[in-house]
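Residue numbers (my numbering), protein chains in the order written: chain L, 570 to 978; chain C, 4 to 345; chain X, -4 to 291.
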């Protein structure tokens, strides 16, 4: 179910989501003003604009940063995919957009939905926005549906409350919605447990569409599903988003799903966006070593280079409470340089409508302008994109490397 | 550890099977008025020495049940498990002997390690079960940890599972299997609960264990990419049966069964033409359709191609035979075998 | 450092963690403080109370002397100091409480783990037996047992032990089922571990926290039961126990003649010890069972 999308990033009228450079709050001194290419500074054309969003969780052991300064914009009708591994902050971003985070979370930055700051909204307005402005589709459909209510009643609830529809009107709309998501209308009378996993996810999508939102946030919408059902659901989402002209933010750990469904792709690592660009380009030739490693971790069946050669990265995702200095990816990076320990990279332009938070994308002139130390001499001038591939034969003991020595020894 | 001598790889000739299923069937009594679920419904499958076999299928196809039956954890209702040429009896002594030489690695290493046991205890457990506490236990544990890629092993001895990352936990689980110097590892979705970047490292480990020690493996997975990454041979399972099997290059590059084709076509970024999304839900092992069990969802039958090849009647009424457990590419499909196919 | 020493370091640190969590529970700490005090009193009682003062004939006080400087809690029908009696009674009450709780927890744990592990036919039979014991009025059962056996402290312990186990068995079985469903049990079986291995190495350590908390709660129950049996005249007549004192007081007509100091002190002692054990038990439950701990 390849979506029909323009392959030429520069095509006229192409909807686009763009991610712009940002740093963590307070780090302004060393940040260059390099804006992402294609990144329109004005928010007028963005349906959703996120600026310098940071989230930290208060715990007994102090504040743990989960999202560290994330900015992106989403134009009407465009689809942005956010990829990353567990703990990288991608789900926190999704929840923060609608202020669905637990009370222990401290949020800063701006989330502008049609120019209105979600983070500063009053409750009544926020409820309206959650129904009609942007709605969210979660991963576990079983847990998000109330087991003691019929599907139809659950879909009708926001219609009755928010749209103030009459019962007959609501019933008609529910039937229409169910048909849209490929469920027979009589399913409105079913309870969640009578539906299969795929059908439940369809019902969740119908609920999300009930009040005709202009933005759908899909958080791992297909993760618990089998390949065949996943393909069905992705195809459905793709058709709906295209037909209804709504924007979508899709969050997944599966880069292939995002590359297939979305126009643009953002890769997150340790609470930051480290790479952003047109989905196909990022997936096929990432400029950030982490993006490259992540896409190499999803082998293409039939590709001789990945046959009997699984690829991964040594080490583990970092502990958000103890991030390394400089680039957070440094300890696992196959292309690490000396200057990586000193520079905290931000999204720098890395090709047409692309950006990456890696010093290797900077030309010597750009590096000088950004105040980044020069690359080691032998590396200067080499294009970084091609060597983004991680080495397949890393020493396994490297996996143990970041672990501190137990103090008893 | 002494590697088994008969661990040829890429020799072309089929290696002698170490572990296999012969006509295996497992049925579970139905719950709450439902019929008997035929989870495994007639499977022949051999794992040769030093061979990595991927058992691929969607959830509910019976692949995990088959894996557990091979370890004697589930008792077959019919057929046998064959280990080193001998049918497995289900007396405690025989089972214990099998479980020394065949090891299981589970999907979720967090759940598979007892949270109250240290890494050392978790790894030593198998040895203590089979040979008691011996003086050289510590050496063996250290060696197993090192071989699983946890170095230096001493540093991990006294850790508890919750102090390790997901990838390290899975390495501990694998070390716990290696300490018994098994001949075969049965791994049920060994990387499905791990992060993508960590996954490759664990798969490399399985490959290296095979290359260095001739360790055979049956890898149960829903992930075709994983099969492509490490397996020598793949068996695609649908509703309790293996419907296509053969060398990975054949099965995944030139699939012949419509089900395998559909599975491959819906992989995101597969780039292999129009995806063939099968309608409906995966069917129910309590109600296996007659004829070819795939015929109700078969796109070839639905498109009329099977009728054109003159096999439509057989698809609906005649069950394609069981595939043999080893050897070259085979497919259980009337249409794929039809001579009139165009 | 050797491996064994390291293991000990780890264990000590884990224990210290538990101790810290326990110390955070005010009720538990209060209960523990009271218990320590009572236990010390019970242990040191022979140092400051001599046998003569407790014998029916050797007591020096007058009959039913009210509390005063010589006898802080007055005297009983035989002129013995009630304070001495209550302090001495602590010894029997605690002994019986601990031993009976131990017997019943051991029995309950054995039956609970076996029923949970084997399930099926074995488990069903065991649980029906448990249910049968559970619906049987424990007091009546204990009275019957104590009546047919010789009247001794051991009889009381056995009577309480065999009637109090069903609760433990049920709790342990439920916990066993939860543990058995976890993948590490399947791993242990796949490694070749037999029933004994799975039960001893995996199930038991994981149900131990529940068992420990259950024991503490049962001690309180056993002390109450012992007092009840002694009050009903089924205790060992040769020993002094709290229930026995109250029984003697009742026989002597303490209620009608307003001799409150004969009855109230042992009653308060029973209540305080039972409450302390319960508070300790609840605190321990919270510390050892993380699921309860996370609840605010």
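C-beta atoms are modelled at their ideal positions from N, C-alpha and C, and glycine is treated no differently. This one's a predicted model, so the numbers in the text were calculated from it and none came from an experiment.
Point to revise | Contacting positions in the segment 158 to 192 of chain X - beta carbon closer than 8 Å to chain C | key: Answer set for the segment 158 to 192 of chain X: 177, 178, 179, 181, 182, 183, 184, 185, 186, 187, 188, 189 and 192.
Review point. Taking 8 Å as the CB-CB limit, is residue 181 (chain C) close to chain L?
Key: In the second chain, residue 181 (chain C) corresponds to position 178, counting from 1. Cβ-Cβ to chain L under 8 Å: no for residue 181 (chain C).
Review point. In terms of residues, what are the limits of the beta strand (DSSP E) holding residue 679 (chain L)?
Key: Along the first chain, one-based indexing puts residue 679 (chain L) at 110. Its beta strand (DSSP E) spans residues 674 to 682.
Point to revise | Residue of L:916, L:940 and L:664 minimising C-alpha distance to residue 788 (chain L) | key: Along the first chain, one-based indexing puts residue 788 (chain L) at 219. When each option's Cα is compared against that of residue 788 (chain L), the closest is L:664.
Check your understanding: For a contact meaning CB atoms closer than 7 Å, what does residue 99 (chain C) contact in chain X?
Key -> Here residue 99 (chain C) is taken as the residue at index 96 of the second chain, counted from 1. Within 7 Å Cβ-Cβ: 187.
Review point. What are the complete alpha helix (DSSP H) segments, minimum 4 residues, inside the segment 708 to 781 of chain L?
Key: Within the segment 708 to 781 of chain L, the complete alpha helix (DSSP H) runs of at least 4 residues are 710 to 713, 720 to 730, 736 to 749 and 766 to 778.
Check your understanding: Do you know how far the Cα of residue 185 (chain C) is from the Cα of residue 703 (chain L)?
Key -> Taking the first residue of the first chain as position 1, residue 703 (chain L) is located at position 134. Taking the first residue of the second chain as position 1, residue 185 (chain C) is located at position 182. The alpha-carbon atoms of residue 703 (chain L) and residue 185 (chain C) are separated by roughly 54 Å.
Point to revise | With 16 other Cβ atoms within 10 Å as the buried cut-off, status of residue 32 (chain X) | key: Translated into the one-based positions of the third chain, residue 32 (chain X) becomes position 37. Exposed: under 16 other Cβ atoms inside 10 Å.
**Study point:** Coarse secondary structure for residue 25 (chain C), derived from DSSP in three states
**Key:** Here residue 25 (chain C) refers to the residue found at position 22 of the second chain. Three-state DSSP puts residue 25 (chain C) in a strand.
Point to revise | Where residue 846 (chain L) falls: helix, strand or coil (DSSP) | key: As a first step, residue 846 (chain L) is located in the first chain; it is residue number 277 there, counting from the start. It is a strand residue.
Practice item. Show which residues of chain X have a CB atom less than 7 Å away from the CB atom of residue 117 (chain C). Key: Taking the first residue of the second chain as 1, we reach residue 117 (chain C) at position 114. Residues of chain X passing the Cβ test: 179 and 197.
**Study point:** Within 8 Å, strictly: CB atoms of residue 742 (chain L) and residue 764 (chain L)
**Key:** The sequence position of residue 742 (chain L) within the first chain is 173, counting from 1. The sequence position of residue 764 (chain L) within the first chain is 195, counting from 1. Against a cut-off of 8 Å, the Cβ pair of residue 764 (chain L) and residue 742 (chain L) comes out as no contact.
Check your understanding: Is the CB-CB distance between residue 779 (chain L) and residue 785 (chain L) below 8 Å?
Key -> The residue labelled residue 779 (chain L) in the question sits at position 210 within the first chain. The residue labelled residue 785 (chain L) in the question sits at position 216 within the first chain. In this structure, residue 785 (chain L) does not lie closer than 8 Å to residue 779 (chain L) by Cβ.
Point to revise | CA-to-CA distance, residue 174 (chain X) to residue 228 (chain X), given in whole angstroms | key: Position 233 of the third chain, counting from 1, holds the residue named residue 228 (chain X). Position 179 of the third chain, counting from 1, holds the residue named residue 174 (chain X). Answer to the nearest angstrom: the Cα atoms are 44 Å apart.
Exercise for review: With DSSP collapsed to three states, give me the class of residue 788 (chain L).
Suggested key: Sequence index remark: in the first chain, residue 788 (chain L) carries index 219 (1-based). It is a strand residue.
Point to revise | Proximity of residue 43 (chain C) and residue 68 (chain C) at Cβ, strictly below 8 Å | key: Walking along the second chain from the start, residue 43 (chain C) turns up at place 40. Walking along the second chain from the start, residue 68 (chain C) turns up at place 65. Closer than 8 Å, so yes.
Check your understanding: Are the C-beta of residue 797 (chain L) and some C-beta of chain C separated by less than 8 Å?
Key -> Within the first chain, numbered from 1, the residue matching residue 797 (chain L) stands at position 228. It does; some Cβ of chain C falls within 8 Å.
**Study point:** DSSP-derived helix/strand/coil call for residue 268 (chain C)
**Key:** Mapped onto the second chain, residue 268 (chain C) falls at position 265. Helix, per DSSP.
**Study point:** Interface partners of residue 201 (chain X) on chain C, CB under 9 Å
**Key:** What you label residue 201 (chain X) is simply residue 206 of the third chain in a count that begins at 1. Those within 9 Å of residue 201 (chain X) in chain C are 117, 118 and 119.
Check your understanding: Which of the three DSSP states, helix, strand or coil, is assigned to residue 244 (chain C)?
Key -> Translated into the one-based positions of the second chain, residue 244 (chain C) becomes position 241. Note: residue 244 (chain C) maps to strand in three-state DSSP.
Review point. If we ignore side chains and look at the alpha-carbon of each, how far apart do residue 196 (chain C) and residue 186 (chain X) end up?
Key: The count along the second chain starts at 1 and reaches residue 196 (chain C) at position 193. The count along the third chain starts at 1 and reaches residue 186 (chain X) at position 191. Cα to Cα, residue 196 (chain C) sits roughly 21 Å from residue 186 (chain X).
Exercise for review: Below 8 Å between beta carbons is the criterion; list the residues of the segment 183 to 204 of chain C that meet it against any residue of chain L, in chain order.
Suggested key: Contact residues of the segment 183 to 204 of chain C toward chain L are 198, 199, 200, 201, 202, 203 and 204 (C-beta to C-beta distance below 8 Å).
Check your understanding: The beta strand (DSSP E) with residue 632 (chain L) in it runs from where to where?
Key -> In the first chain, residue 632 (chain L) corresponds to position 63, counting from 1. For residue 632 (chain L), the enclosing beta strand (DSSP E) covers residues 631 to 643.
Review point. Smallest Cα separation from residue 920 (chain L): which of L:629, L:874, L:675 and L:856?
Key: To locate residue 920 (chain L), count along the first chain from 1; it is residue 351. Out of L:629, L:874, L:675 and L:856, L:856 has the C-alpha closest to the C-alpha of residue 920 (chain L).
**Study point:** Segment limits, beta strand (DSSP E) that includes residue 45 (chain C)
**Key:** On the second chain, residue 45 (chain C) is found 42 positions in, with the first residue counted as 1. Counting along the chain, the beta strand (DSSP E) containing residue 45 (chain C) begins and ends at 40 to 51.
Exercise for review: Determine the burial state of residue 263 (chain X): buried for a count of at least 16 other Cβ atoms within 10 Å of its Cβ, exposed for fewer.
Suggested key: Locating residue 263 (chain X) in the third chain gives position 268, where the first residue counts as 1. Residue environment analysis places residue 263 (chain X) among the exposed positions, since fewer than 16 neighbouring C-beta atoms fall within 10 angstroms of its C-beta.
Check your understanding: What is the DSSP secondary structure of residue 271 (chain X), reduced to helix, strand or coil?
Key -> Position 276 of the third chain, counted from the start, is the residue given in the question as residue 271 (chain X). Helix.
Check your understanding: When we look at the beta-carbon of residue 232 (chain C) and count the other beta-carbons within 10 Å, is it buried (16 or more) or exposed?
Key -> Position 229 of the second chain holds residue 232 (chain C). Looking at its Cβ environment, which holds 16 or more other Cβ atoms inside 10 Å, residue 232 (chain C) is buried.
Point to revise | Beta-carbon contacts of residue 90 (chain C) that lie in its chain and below 6 Å, excluding the five residues immediately before and after | key: The residue labelled residue 90 (chain C) in the question sits at position 87 within the second chain. Excluding sequence neighbours, residue 90 (chain C) sits near 83.
Point to revise | Residues, ordered as in the chain, of the segment 820 to 836 of chain L that lie near chain C by beta-carbon distance below 7 Å | key: Result list: 822, 825, 826, 828 and 829.
Check your understanding: In chain X, which residues lie less than 8 Å from residue 128 (chain C) when you measure between Cβ atoms?
Key -> As a position in the second chain, residue 128 (chain C) is number 125, starting the count at 1. By Cβ distance, chain X contributes 183, 186, 188 and 196.
Exercise for review: Just the chain C side, please: which residues come within less than 9 Å of residue 863 (chain L) by C-beta, in chain order?
Suggested key: Counted from its first residue, the first chain places residue 863 (chain L) at position 294. In chain order: 199 and 200.
Review point. Can you list, in chain order, the residues of the segment 844 to 870 of chain L whose Cβ is nearer than 7 Å to any Cβ on chain C?
Key: Shown in chain order are the members of the segment 844 to 870 of chain L whose Cβ falls below 7 Å from a Cβ of chain C: 852, 862, 863, 866, 867, 868, 869 and 870.
Review point. Are residue 177 (chain C) and residue 218 (chain C) touching if we call contact CB-CB under 8 Å?
Key: Position 174 of the second chain, counted from the start, is the residue given in the question as residue 177 (chain C). Position 215 of the second chain, counted from the start, is the residue given in the question as residue 218 (chain C). Using a Cβ distance threshold of 8 Å, residue 177 (chain C) and residue 218 (chain C) do not count as a contacting pair.
**Study point:** Neighbour flag for residue 69 (chain C) against chain D, beta carbons, 8 Å
**Key:** Included in the structure are the protein chains L, C and X, with no chain D among them.
**Study point:** Nonlocal neighbours in the same chain, by C-beta distance under 7 Å from residue 597 (chain L), ignoring five residues either side
**Key:** Translated into positions along the first chain, residue 597 (chain L) becomes position 28. Below a pLDDT of 50, predicted positions are generally treated as unreliable, and residue 597 (chain L), at 37, falls in that range; the measurement from the model is reported next regardless. Contacts found: none.
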